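In this note's numbering, the protein residues as written are 408 to 788.
Please read the structure below before turning to the comments.
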């Protein structure tokens with residue numbers, strides 16, 4: 408209950424040599440929790456109790472196990488995914504908290520700029536083609552996809568999803584849970600979905616050649632396909648699918664747009680402090696010409712548990728497959744070349760969008776640097 412009240416997305420319970428370690432992941436960061444010494448002696452019993460609640464085999468301590476716990480907290484339903492793995496000092500357990508009441512699947516309130524929101528809202532209405540959402544684990548891809556489906560959902564179209572796992576149940580949308588142990592993979596389920604006359608299909612992730620080819624075939628036969636890829640930026644999606652073994656001309660002719668995203672922490676409104684931008688050590692690509700006078704930094708207070716941040720918002724990069732991008736992708740262009748052409752065509756990169764969030768006072772320079780660390784800065788020509 409404490410973890411849910413503190414807006415934790417995950418609870419980590421780790422068996423260490425000198426006792427139990429409990430950490431909450433809040434806004435993407437792990438925070439250690441105090442564990443009284445007398446609790447540590449019951450670490451095996453605590454993990455066994457949680458395994459019983461998740462309907463797992465408590466006698467099996469040599470193999471990883473996955474389960475689910477359903478709870479009612481403060482009158483609302485909370486779904487908890489449980490994963491247990493064996494470690495040298497006992498079992499480690501992670502609980503992913505899925506609080507349905509705290510989720511708002513609304514594209515307009517995810518943090519997209521007006522420009523990106525307007526473009527993306529039009530793109531998801533295409534009659535056929537593939538739209539990809541990219542980013543690392545925990546970057547909000549599922550939220551963006553669910554919000555996209557709910558925005559275009561109507562009685563006039565049929566939407567089917569294949570997911571691993573189904574994180575949230577959506578009204579009016581047919582959802583399939585992947586079960587790879589019995590052969591129900593993304594690729595296999597997608598083949599069956601196409602026999603159910605869908606208009607729009609969501610594939611949880613394109614992981615392999617079979618899924619990629621089936622997604623392309625679906626788009627070529629008049630369907631809209633939404634999916635995710637684990638790439639660092641939008642341009643990397645084209646080359647990643649080619650690396651899987653898909654012909655470049657098939658990728659460029661079916662992928663209509665790629666949205667890359669990250670989640671950044673919002674500054675706590677109760678304690679954020681203004682700082683003179685001219686006295687700050689800002690990176691070379693920061694758009695100083697857009698700054699009036701001051702930016703904001705985190706400090707920390709009781710409201711935000713002395714972290715300086717509370718809640719998160721998205722930063723986005725939307726690459727559209729223009730004719731020039733199509734030609735380059737067909738001819739095996741690198742992701743760097745694709746990105747450079749898109750930036751010169753007016754695309755805002757993740758960092759660009761992040762800087763706009765900093766200027767608006769939503770987050771800090773340090774947070775954008777932390778999240779976009781390693782991203783290539785593309786000079787405009």
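For glycine and all other residues, C-beta sits at the position ideal for the given N, C-alpha and C.
Owing to the predicted nature of the structure, the values given are computational and were not obtained by experimental measurement.
- With distances taken between CA atoms, residue 528 lies nearest to 551 out of 730, 543 and 551.
- In the displayed model, residue 463 falls within coil according to three-state DSSP, outside both helix and strand.
- Per DSSP, residue 533 lies in no alpha helix (DSSP H) and is assigned neither H nor E.
- Secondary structure at residue 664: strand, using DSSP grouped into helix, strand and coil.
- Judged by DSSP secondary structure, residue 748 falls outside any beta strand (DSSP E) and instead within the alpha helix (DSSP H) spanning 742-751.
- Secondary structure at residue 498: strand, using DSSP grouped into helix, strand and coil.
- Counting of Cβ neighbours within 10 angstroms places residue 546 among the buried residues, the total reaching 16 or more.
- Comparing C-alpha distances from residue 659 to each of 539, 476 and 511 shows the shortest one belongs to 539.
- Within a 10 Å sphere around the beta-carbon of residue 459 sit fewer than 16 other beta-carbons, which makes this residue exposed.
- Residue 560 and residue 443 have their C-alpha atoms some 50 Å from each other.
- DSSP places residue 586 within a strand segment (E or B) once states are collapsed to three.
- Of the candidates 653, 752 and 780, 653 places its Cα closest to the Cα of residue 737.
- By the CB criterion at 8 Å, residue 494 and residue 422 fall inside the cutoff.
- Nearest to residue 641 by C-alpha distance, out of 761, 448, 542 and 751, is 542.
- Between residue 577 and residue 585 the beta-carbon gap is near 16 Å, outside 8 Å, which marks them as no contact.
- Within the same chain, Cβ atoms closer than 6 Å to the Cβ of residue 437 are found at 430, the five residues on either side in sequence being excluded.
- Between residue 705 and residue 679, the C-beta spacing is below 8 Å.
- Taking residue 668 as the centre and dropping the five residues before and after it, the same chain places the C-beta of 540, 541, 542, 546, 547, 548, 551, 721, 722, 723, 724 and 757 closer than 8 Å to its C-beta, in chain order.
- Between residue 732 and residue 749, the C-beta gap is smaller than 8 Å, which places the two residues in contact.
- In this structure, DSSP gives residue 775 a helical state, which the three-state scheme calls helix.
- In the displayed model, residue 457 falls within a helix according to three-state DSSP.
- With fewer than 16 other Cβ atoms inside 10 Å of its own Cβ, residue 629 counts as exposed.
- Nearest Cα to residue 636 within the set 619, 744, 625 and 624: 619.
- Counting along the chain, no beta strand (DSSP E) covers residue 444; the unbroken alpha helix (DSSP H) around it starts and ends at 444-447.
- In this structure residue 742 is not in contact with residue 594, their Cβ atoms being roughly 25 Å apart against a cut-off of 8 Å.
- With fewer than 16 other CB atoms across the displayed protein chains lying within 10 angstroms of its CB, residue 544 is exposed.
- In this structure, the alpha-carbon of residue 755 lies about 37 Å from that of residue 604.
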